[in-house]
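Residue 405 in the working numbering sits at position 384 of the sequence shown, with consecutive numbering throughout.
Virtual Cβ for every residue (Gly too), placed ideally from N, Cα, C.
If you're wondering where the values come from, they're calculated on a predicted model, not measured in any experiment.
Before any comments, here is the structure.
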Amino acid sequence: MFKKILVANRGEIALRVICACKELGIRAVAIYSDADRNSLHVRFADEAICIGPPQLALSYLNIPAVISAAEIANVDAIHPGYGLLSENANFAEVCETCGIKFIGPTPDVIRLMGEKEKARAAMKKHGVPILPGSEGVIGSEGEALEWAREVGFPVIVKASAGGGGRGMRIVRSEDELPKLFRQAQSEASAAFGNGDLYMEKYVENPRHIEFQVLADEHGNVVSLGERECSIQRRHQKLLEESPSVMVTPELRAQIGGILSKTLSAVGYQNAGTVEFLMGADGKLHFIEMNTRIQVEHPVTEMVTDVDLVKSQLMIAAGAKMEEVLQGPVVHRGHAIECRINAEHPEKFTPSAGKITTFNPPGGTGVRIDTAAYAEGTIPPYYDSLIAKLIVRGKDRNEAISRMGRALEMFIVEGIYTTIPLHRRILADAEFRAGKIDTGFIERFLAKGK
Ligand code: ADP
């Protein structure tokens with residue numbers, strides 16, 4: 022096992038990785054920007070190194086600064102968390118060159134999954150169901166039109182290097198295609214420095230369902246079941262649950278089996294998430310793979326009792342799957358996660374500043390992943406996620422009532438948060454009936470609830 026690792030992240034996920042290190046007896050080294058000097062990930066790490074000013078490009082995204090910190094602290098490995106450098110194949114490569122283990126897949130596999138039209142082709146080749154769409158990158162507007170005619174409107178034009186819902190346009194008819202194609206192209210170039218586009222059939226009001234996998238470095242891949250992430254705002258997840266009410270044990274086993282074979286064939290290693298959309302026909306279609314730990318990983322941990330971050334560390338240190346899992350994966354109960362963002366609950370504008378009161382709930386079946394605390398400050402430079410409230414119940418109904426009371430007892434003052442919005446979602450009859458899809462929040466807000 023590693024003796025010392027560097028956590029190349031901040032906020033709740035840095036703290037989450039530090040928890041796993043402490044339980045495995047690994048020393049954890051934190052890095053921080055000037056804005057994070059008083060953060061809990063700095064306080065609870067065994068060592069901490071300041072890597073620069075608040076701006077991301079000068080600190081957490083500054084590869085030479087991160088690598089220098091790792092070399093000064095003389096670590097064996099780097100855990101990238103999510104976001105930031107976690108899916109940066111060049112960073113993984115630099116780690117490798119410097120003799121530091123990157124906790125994640127190999128640079129080649131990160132690169133393959135990062136080019137989404139290539140990932141689609143790889144999945145299709147091994148029998149994973151994908152949506153009808155273009156093959157490879159679309160070369161021109163004329164080619165886009167040909168594909169759209171073949172696939173049938175509506176279609177969605179997407180950025181090959183995409184992420185965070187950017188460079189994506191829904192096209193409902195031939196005449197709007199050229200304009201929307203150009204818009205997607207310039208948005209993708211600006212956001213990712215790569216304007217490559219591909220196209221898929223657009224699924225009306227789909228469910229977003231994703232599968233968590235773990236793969237060791239000896240060719241063994243297991244699926245830990247699914248998460249339903251259909252409660253989204255502007256293509257960003259707000260609330261997740263596991264299991265999905267739409268996934269039967271047969272479908273779970275079938276998709277799990279296909280994914281194990283596919284990911285073993287592409288040489289996948291460590292934790293990963295395979296995202297699917299489910300249309301009205303109840304069938305799952307691959308959209309993309311994320312080659313890192315996800316924000317919503319705790320819902321899977323709550324229903325399987327598998328610590329995914331400890332598993333990542335053990336796998337990266339060379340452990341075999343049977344040692345990591347110590348028995349078959351059993352799913353018990355139902356878990357829900359609410360993302361508590363420092364945002365205005367209706368306008369969704371960021372709300373940085375000083376937290377005056379912070380009273381997180383507790384009690385049976387409640388888990389909080391956060392780096393926030395009373396009198397602490399939320400800096401304006403970073404992601405707005407400040408806490409994740411996760412509950413587990415013996416079934417979905419118990420999880421919903423537990424989440425309802427936990428939200429009521431979660432008091433944050435001094436900044437705006439999404440807690441009031443979550444309370445209203447939890448009280449909604451359609452949500453409670455499990456009638457959810459990616460259009461839920463828009464309809465919900467339009468109802469004026
Ligand atoms: P990103 O990497 O930018 O997050 P994804 O491919 O994961 O992009 O898609 C994000 C979200 O966009 C999905 O969860 C879904 O809500 C919507 N979406 C993506 N592809 C389609 C599609 N073919 N049909 C309908 N909605 C889609």
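DSSP three-state assignment for residue i, whether helix, strand or coil
| i | result |
| --- | --- |
| C119 | coil |
| V316 | coil |
| F112 | helix |
| S251 | strand |
| D458 | coil |
| E138 | helix |
| H306 | strand |
| G154 | strand |
| V176 | strand |
| I436 | coil |
| R187 | coil |
Residue i - containing alpha helix (DSSP H), residue span
| i | result |
| --- | --- |
| S524 | This structure cannot settle anything about residue 524, because the visible part of the chain is limited to 22 through 470. |
| K282 | 270–286 |
| I88 | 84–94 |
| S332 | 329–337 |
| M342 | 342–346 |
| F452 | 450–453 |
Residue interval of the beta strand (DSSP E) (run including residue i)
| i | result |
| --- | --- |
| E296 | 291–299 |
| S263 | 257–263 |
| R15 | Any answer about residue 15 is impossible in this case: the structure gives the chain only from 22 up to 470. |
| R388 | 387–391 |
| G414 | 406–414 |
According to DSSP, residues forming a beta bridge with residue i
| i | result |
| --- | --- |
| M22 | Answer by DSSP bridge pairing: none, since M22 is not bridged. |
| I99 | L27, F123 |
| T398 | K375 |
Inter-stretch contact (C-beta, 8 Å, three-pair minimum) for the segment 218–225 and the segment 179–191: yes
Any alpha helix (DSSP H) of 4 or more consecutive residues that is wholly inside the segment 193–247: 198–213
Sufficient close CB pairs (3 or more, under 8 Å) joining the segment 28–38 to the segment 92–108: yes
Segment contact flag, the segment 313–328 with the segment 256–272, C-beta cutoff 8 Å, min 3 pairs: yes
Complete runs of the alpha helix (DSSP H) confined to the segment 22–79 [at least 4 residues]: 32–45, 61–65
Stretch-stretch touch, CB-based, cutoff 8 Å, three pairs: the segment 354–364 with the segment 288–302: no
The segment 418–425 touching the segment 58–75, judged by at least three CB pairs closer than 8 Å: no
At least three beta-carbon pairs within less than 8 Å, the segment 404–421 to the segment 354–374: yes
At least 3 beta-carbon pairs within less than 8 Å: the segment 284–297 vs the segment 75–88: no
Cβ contact check for the segment 110–128 and the segment 142–155: 3 or more pairs under 8 Å: no
Contact between the segment 324–344 and the segment 245–257 (3+ Cβ pairs under 8 Å): yes
Touching by the beta-carbon criterion (3+ pairs, under 8 Å), the segment 273–280 and the segment 187–197: no
Touch test, the segment 378–389 against the segment 443–458, Cβ-Cβ under 8 Å, three pairs minimum: no
At least 3 beta-carbon pairs within less than 8 Å: the segment 361–369 vs the segment 394–407: yes
The segment 227–241 / the segment 454–463 touching (three or more Cβ pairs under 8 Å): yes
At least three beta-carbon pairs within less than 8 Å, the segment 362–381 to the segment 334–348: no
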